[in-house]
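Trainee: Submitted below is the structure of interest, expressed as structure tokens.
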């Protein structure tokens, strides 16, 4: 089956990293799944992802404990820590939790690290359905610079494919729908790990279950766009994105670089949305337990850019603590319709602190986003003809619901670090 059919529109969901780091528990995952099913599913949010180190019993933040014992089965496959995921007892792994998420009408996802556990390599642990061991397939100088759990897998070694096949056979048994693979799309030490991406692609294709494949971290090199599209459903354009204006400002350059590279089923990824209550047990991004440091204007800028560019949307905060404002960002039907169904996202204009993006919608409509990246309010005056719109349109600002019939030019006043997002329908 063509992997591009697994994510015909950009995936939308929740990921545990921004709020819980490596330390999320089963109760927290279930609680966020309950919230999504009740408040967000009808808007298209449908995937719950358990991020890194679910196999580390004593993980307590986003700071990894180096060289600690990990929970693993007899075939070098990491298993959920039962003290954090009680339903995984008796070798059931994530199947009971995935069943729970599925019963809510949602999809279940996990994070894994590229490679094979170092402890399996040192112990010479067997690889399922082979006569080789983890030691035989390991690439011991292919390491992750920020996490000590794994060695890379040498794709040229006998048993390398069988190891990844055994992983995804297990994940299919669990009922996994989404896999985020880390330390693979970009590396501080090496180039993109193309051979391991190919091993993983084949393993998913063989496992008998459709799984969306997400590659992290970034920045994935643009020159690999075709390769990434052939093997994955989404890949990060950036390193970890946090609630800092400099990182949000930088995303305009990254989107410009990647424009035109999205294809149906394959989505360049701006990374997670650090909104709402984050940092509960994650100390990355220069913060601790906090409400997002983005102002409301910056939150509108982020949501407008991510949605018009059609990045995957993964909310990073503790959903159950959402206030009315945060929930409103996730449930704007007009904005989400643009995210799910528009095409041709493109930079229309960039002059100083004025940035204008556009995209095409259904029935001849045009989406236009006006961004003010400066420190003072800005007025935008955009001739409709220059935008590629008819001379007369019905203009709706999608965040405020204000509607007006306009001729010749679109006008907008945009606050510092803010955005105005319009749908222009032909009259």
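Residue numbers (my numbering): 133 to 559.
Ideal Cβ placement from N, Cα and C applies to all residues, glycine included.
Because the structure is a prediction, the values reported are computed rather than measured.
1. In its own chain, which residues sit with a C-beta less than 7 Å from the C-beta of residue 539, not counting the 5 before and 5 after it?
2. For the alpha helix (DSSP H) holding residue 332, just list the boundary residues, first then last.
3. Relative to the alpha-carbon of residue 550, which residue among 299, 496 and 488 has its alpha-carbon at the smallest distance?
4. In chain order, what residues of the same chain lie with their CB nearer than 7 Å to the CB of residue 320, ignoring the 5 residues before and after it?
5. State the DSSP-derived secondary structure class of residue 471, mapped to helix, strand or coil.
6. Return the CA-CA distance between residue 381 and residue 375, expressed in angstroms with no decimal places.
7. Measuring only the C-alpha atoms, how far is residue 543 from residue 379?
8. What residue from 195, 475 and 426 has the CA that sits closest to residue 281's CA?
9. Can the beta-carbon of residue 449 be found closer than 8 Å to that of residue 408?
10. Tell me, please, which residues DSSP counts as bridged to residue 241.
11. Within the chosen definition, does the stretch 351-364 reach the stretch 249-258 through at least 3 CB pairs nearer than 8 Å?
12. Please classify residue 270 as buried or exposed, where buried requires at least 16 neighbouring CB atoms within 10 angstroms.
13. Beta-carbon within less than 6 Å of residue 252's beta-carbon, same chain only, minus the 5 sequence neighbours each way: which residues are those?
14. To the nearest angstrom, report how far apart residue 152 and residue 422 are at their CA atoms.
15. Quick one, are the C-beta atoms of residue 168 and residue 451 less than 8 Å apart?
16. Are the beta-carbon atoms belonging to residue 261 and residue 298 less than 8 Å from one another?
17. Span of the alpha helix (DSSP H) holding residue 457?
18. Counting C-beta neighbours from all protein chains within 10 Å, is the total for residue 301 16 or more, i.e. buried, or is it exposed?
19. Would you call the CB atoms of residue 312 and residue 346 closer than 8 Å?
20. Can you tell me where the beta strand (DSSP E) with residue 537 in it begins and where it stops?
21. Looking only at its chain, what residues have a beta carbon closer than 8 Å to the beta carbon of residue 87, apart from the 5 residues adjacent to it on each side?
22. Provide the residue(s) that pair with residue 524 in DSSP beta bridges, ordered along the chain.
23. If residue 192 and residue 155 are in contact, beta carbons under 8 Å, what's the gap, nearest whole angstrom?
24. Would you mind working out which of 442, 241, 223 and 352 sits nearest residue 162, comparing C-alpha positions?
25. Between which two residues does the alpha helix (DSSP H) carrying residue 232 extend?
26. Residue range of the alpha helix (DSSP H) that residue 439 falls in?
27. Here's a check: name, in chain order, each residue in its chain whose Cβ is nearer than 7 Å to the Cβ of residue 432, leaving out the five neighbours to either side.
28. How about residue 343 and residue 373: do their beta carbons lie closer than 8 Å?
29. To which residues does DSSP link residue 481 through a beta bridge?
30. So, helix, strand or coil for residue 404, using DSSP?
31. How would you label residue 369, buried or exposed, when you count the other beta carbons within 10 angstroms and need 16 or more for buried?
32. From residue 494 to residue 461, what does the alpha carbon distance come to, in whole angstroms?
33. Tell me whether the beta-carbon of residue 307 lies closer than 8 Å to the beta-carbon of residue 230.
34. Can you check which of these residues, 512, 490, 437 and 557, is closest to residue 484 by C-alpha distance?
35. Which one of 500, 310 and 303 has the shortest CA to CA distance from residue 486?
Mentor: Answer, in terms of the structure:
1. 523 and 524
2. 326-339
3. 488
4. 277
5. helix
6. 11 Å
7. 28 Å
8. 195
9. yes
10. 181 and 310
11. no
12. buried
13. 208 and 266
14. 12 Å
15. yes
16. yes
17. 456-462
18. buried
19. yes
20. 535-539
21. No answer is possible for residue 87: it lies beyond the span of the chain, which begins at 133 and ends at 559.
22. 539
23. 5 Å
24. 241
25. 227-235
26. 428-441
27. 531, 550 and 551
28. no
29. 488
30. coil
31. buried
32. 22 Å
33. yes
34. 512
35. 500
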